[in-house]
Amino acid sequence: MKKTEEIDFEAIVIGAGFSGLYQLHALRDKLGMSVHLFEAADDLGGTWYWNRYPGARCDSESHTYCYYFSEELLQEWEWSERYPEQKEILEYLNFAADRLDLRTDITFSNRITQMVFDEESLIWTVLSEDGREYRTRFIINAVGCLSSTNIPNILGKERFEGSIYHTGEWPHEGVDFSGKSVAVIGTGSSGIQTIPEVGKLASQTTVFQRTPNYSIPARNEKLSQTFIDNFKASTSEWMRKMLLSRGGHAWPIPTRHLIDTPELERRKILEEAWSVGGLGFRECFDDILVNKRSNLIMSDFIKDKIKDVVKDQDKSAILTNIDYPFSTKRPPIDTEYFETFNEENVNIVDIKADPITEITAKGIKTRSKEFFFDIIIFATGFDAMTGSMLKIDVIGRKKKTLKDVWKAGPLTYLGLQVEDFPNMFILTGPGSPSVLTNMPRTIEHHVEFVTACISHMVVNNFRAMEPTNKAMVEWVEHVNEVADKTLLPKTKHSWYLGSNVPGKPQVFMPYAGGLNNYRDICSEIVEDGYRGFNFT
Ligand code: NAP
4 MKKTEEIDFE
14 AIVIGAGFSG
24 LYQLHALRDK
34 LGMSVHLFEA
44 ADDLGGTWYW
54 NRYPGARCDS
64 ESHTYCYYFS
74 EELLQEWEWS
84 ERYPEQKEIL
94 EYLNFAADRL
104 DLRTDITFSN
114 RITQMVFDEE
124 SLIWTVLSED
134 GREYRTRFII
144 NAVGCLSSTN
154 IPNILGKERF
164 EGSIYHTGEW
174 PHEGVDFSGK
184 SVAVIGTGSS
194 GIQTIPEVGK
204 LASQTTVFQR
214 TPNYSIPARN
224 EKLSQTFIDN
234 FKASTSEWMR
244 KMLLSRGGHA
254 WPIPTRHLID
264 TPELERRKIL
274 EEAWSVGGLG
284 FRECFDDILV
294 NKRSNLIMSD
304 FIKDKIKDVV
314 KDQDKSAILT
324 NIDYPFSTKR
334 PPIDTEYFET
344 FNEENVNIVD
354 IKADPITEIT
364 AKGIKTRSKE
374 FFFDIIIFAT
384 GFDAMTGSML
394 KIDVIGRKKK
404 TLKDVWKAGP
414 LTYLGLQVED
424 FPNMFILTGP
434 GSPSVLTNMP
444 RTIEHHVEFV
454 TACISHMVVN
464 NFRAMEPTNK
474 AMVEWVEHVN
484 EVADKTLLPK
494 TKHSWYLGSN
504 VPGKPQVFMP
514 YAGGLNNYRD
524 ICSEIVEDGY
534 RGFNFT
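Residue numbers 4 to 539, in this note's numbering, belong to the letters of the sequence shown in order.
Printed below as a string of structure tokens:
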């Protein structure tokens, strides 16, 4: 029987992706704490462990999609392509974990199912799937914002005699597509990345599209040695640029409004940005997400580009029937996505016009037709931002559950903490800029902020930290206010609002004020004596 004050670890980190690994390192090696990390998968990598589908690649540029807290790591690692493939990112995370000797403090294949706070001892008891209990003072949830897969509840799924996969839980041994007839449901970033690859391998590919998507050519390429050498000689300059930007990317910060730019010049800028490709395309003007008319012009520009590529008029019409402003749903970038539809063995079905009614033993039935498949791929996304947190039974003060507190939508202060859940932190949670940014930059900010909070508590002999109700409510209001100044929440059907998951409260979840501004706000809060937090 453990004494009330006894703990197993000073801190427990949950999740071995980008954020959890750095958090383990920061608390263990910078603060000298006893820390243990629990991971549900049998190895590290988080998103990059699970998303092994053909074509899986990052949309952030490789040399920006990595840890910058260690110059040594930056100098030792060499990325091969502009956008790293899943395999390369996983190798990178393994490299970082080995260099930092993190594996010794990680338990794999052990999902955390419950955490309960004891008000008297101010200690959390964490329960894992294997039935063991661990007591700790701090919990840092690094469970990811896009890690809880969303598989639609389509009638008859269990009857299908072929194989079913979800892009976010892809089998390690891969899938043999040769000679197979394959259905892909979903045309978000995952679908758009995997369809060209599946299209090349399968004998027949049929894409079931509910909402068409704008997509920008990635223009992926091998990185030259000159680029790599220049990068290594100027890492601090790259970091400076990323931290000045709203999205944590190193692109030039836009200064022009599209709407005020004369048409010829506008066209030239758009064409140039299109030829550079990638998510930076959106940043060639600064009013795309706030001015409907500017957005419409950019949206039409993209639709025309799609029409130029797709030769079959019926397919082209289905792919360009887009009725929402560009970038109000997370825009994908692609390698020959639209070109793939020029292949005769790649077809598209508009399931908004002709909805799926059921999955049969042999395939998929829509209202008007039956299709036959060997394989169905769900590229149907995630229960984003709250899904993985709410899978854990989190019980705080006064036996309040996180599920109850977030019933009408997630409440956090800075995306990092929730009132009545002392000493529990969430990395890249709702209310954080997270998914609207180049993730490693937001992750590094959060890990360093949490580490500083814990250090502040140790130095001042505080035993617990949590936000005040006022601070939390005001932050959520601020998150909404900032989002409402943009076009983002106007597109109601988006995982940013949770509307992709039936029954989920519809609230715009990420902080749209920019990572640069968010960092400033956090710094001011700290300078102001951790304004909005209560310390015990
Ligand atoms: P997603 O963006 O949510 O896309 C899911 C797709 O499935 C959408 O086309 C959606 O249609 C469709 N869908 C969902 N439920 C459906 C149903 N019941 N019936 C028919 N269609 C359905 O998911 P994702 O593509 O996995 O991407 C999620 C996020 O992960 C991305 O936005 C991005 O932030 C991240 N990601 C990043 C990368 C990268 O960096 N390269 C790659 C993959 C993912 P509706 O639009 O109509 O809901």
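We put the beta carbon where it would ideally sit given N, CA and C, even for glycine.
Q | Option in Ser73, Val453 and Ser83 with minimal Cα separation from Ser65 | A | Ser83
Q. Closest to Val38 by CA distance: which of Tyr52, Gly20, Ala59 and Asp11 is it?
A. Asp11
Q. Would the beta-carbon of Ser435 be found less than 8 Å away from any heavy atom of the ligand NAP?
A. no
Q) Looking at the structure shown, is Asp337 part of a helix, part of a strand, or coil, going by DSSP? A) strand
Q. Are the segment 285-301 and the segment 87-102 touching, with three or more C-beta to C-beta distances below 8 Å?
A. no
**Q.** For Glu373 and Ala515, the rounded distance between their alpha carbons
**A.** If you draw a straight line from the Cα of Ala515 to the Cα of Glu373, it comes to about 42 Å.
Q) In the structure shown, what three-state DSSP assignment does Ala186 receive? A) strand
**Q.** Backbone CA spacing between Val352 and Val210 [nearest angstrom]
**A.** 6 Å
Q. DSSP state of Met4, grouped into three classes?
A. In this prediction, Met4 scores a pLDDT of 43, lower than 50, which makes its location untrustworthy; no coordinate-derived value is stated.
Q: Decide if Lys495 is buried, meaning its Cβ has at least 16 other Cβ atoms within 10 Å, or exposed.
A: Lys495 is exposed by the Cβ-count criterion.
Q) For Leu393, which of Phe381, Pro433, Thr363 and Lys183 has the nearest alpha-carbon? A) Ranking Phe381, Pro433, Thr363 and Lys183 by Cα distance to Leu393 puts Pro433 first.
Q: Inspect the CB distances between the segment 330-349 and the segment 218-225 and report whether three or more fall short of 8 Å.
A: yes
Q.
Using only CA atoms, which one of Arg114, Trp127, Phe511 and Gly535 lies nearest to Glu422?
A. Gly535
(Q) My assumption, with CB atoms under 8 Å, is that Asn153 sits in contact with Asp386. Please give the rounded CB distance. (A) 5 Å
Q: Could you tell me if His175 is buried or exposed, where buried requires 16 or more neighbouring beta carbons within 10 angstroms of its beta carbon?
A: exposed
Q) Going along the chain, which residues of its own chain have a beta-carbon closer than 6 Å to the beta-carbon of Asn324, five neighbours each way excluded? A) Pro215
(Q) On the DSSP bridge list, what partners appear for Met468? (A) Paired residue(s): Phe538.
Q) Straight-line CA distance for Thr567 to Pro413? A) The question about residue 567 has no answer, for the chain in this structure spans 4 to 539.
**Q.** Lys507 burial status per 10 Å Cβ neighbour count (16 or more: buried)
**A.** buried
Q) Going by alpha carbons, who is nearest to Gly171 out of Ile15, Glu275, Glu484 and Gly58? A) Gly58
Q. In this structure, does DSSP put Met245 in helix, strand or coil?
A. helix
Q: Buried or exposed for Glu527, please, with buried defined as at least 16 other CB atoms from any protein chain shown within 10 angstroms of its CB.
A: exposed
Q: May I ask you to check if the CB of Trp254 is nearer than 8 Å to at least one heavy atom of the ligand NAP?
A: no
Q: Just mark Pro358 as buried or exposed, buried being the case when its beta carbon has 16 or more other beta carbons within 10 Å.
A: An exposed status is given to Pro358, since fewer than 16 other beta-carbon atoms sit within 10 Å of its beta-carbon.
Q. Just to check, is the beta-carbon of Leu149 closer than 8 Å to a non-hydrogen atom of the ligand NAP?
A. yes
Q | Cβ-heavy atom distance, Phe452 to the ligand NAP, below 8 Å | A | no
Q.
Does Ser150 pass the burial test, meaning 16 or more other C-beta atoms within 10 Å, or should it be called exposed?
A. buried
Q: Using the Cα positions of Trp51 and Glu91, report the straight-line distance between them to the nearest angstrom.
A: 9 Å
Q) Thinking just about the alpha-carbon of each residue, which of Ser497, Val201, Arg466 and Ala411 is nearest to the one in Tyr327? A) Ser497
Q) In its own chain, which residues sit with a C-beta less than 6 Å from the C-beta of Val510, not counting the 5 before and 5 after it? A) Gly412
Q: Please list the segments of the alpha helix (DSSP H) lying wholly inside the segment 243-282, counting only runs of 4 or more residues, in order along the chain.
A: 266-279
Q | Alpha-carbon spacing of Glu164 relative to Ala364, whole angstroms | A | 5 Å
Q: Using only alpha-carbon positions, find the residue among His449, Ile362, His448 and Leu247 that is nearest to Ser166.
A: Ile362
Q. Is Thr197 helix, strand or coil by DSSP?
A. helix
Q. Which residue's Cα is closest to the Cα of Ser192: Lys203, Ser206, Gln212 and Ser131?
A. Closest option to Ser192, Cα to Cα, is Gln212.
Q. In three-state DSSP terms, what is Asp487?
A. DSSP places Asp487 in helix when its eight states are reduced to three.
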